[in-house]
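Everything below concerns the one structure shown next.
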Amino acid sequence: MGRLSETKVSKEAGRIKKEIQELKEEIKRIKEEIQELKKEFKTMKTDMDEFKKSNKKALDSMMAKLTQLVPST
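Our numbering applies: residue 324 is where the sequence shown begins, and numbers increase by one.
Here it is in structure tokens:
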């Protein structure tokens with residue numbers, strides 16, 4: 324009877340170790356995914372900042388032209 328318990332405990336320990344390993348792999352995969360998302364976010368932020376600068380230059384240029392066209396009072 325005691326031997327059977329040891330076998331069950333051993334099998335359960337093996338199952339738990341396997342599950343822990345699978346969870347570690349899942350955590351590693353999630354961390355990699357988070358890093359990839361951080362890179363994508365940084366790229367998107369850079370693109371957005373460049374877009375804002377570009378639009379500001381265009382707006383400033385248009386305002387300068389309008390200022391020349393409209394006489395000041």
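Even glycine gets a Cβ: it sits at the ideal position worked out from N, Cα and C.
What's the gap between the Cα of M371 and the Cα of N378? 10 Å
So, with DSSP's three-state summary, where would you put M324? For M324, the predicted structure reports a pLDDT of 46, less than 50, and the residue's modelled location is therefore unreliable. A value from the coordinates is still provided. In the structure shown, M324 sits in coil (DSSP, three-state: anything other than H, G, I, E or B).
Quick one: what does DSSP say V393 is sitting in, helix, strand or coil? coil
M324: buried (16+ other C-beta within 10 angstroms of its C-beta) or exposed? Residue placement at M324 cannot be trusted, given a pLDDT of 46 that sits under 50; the coordinates are not used to answer.
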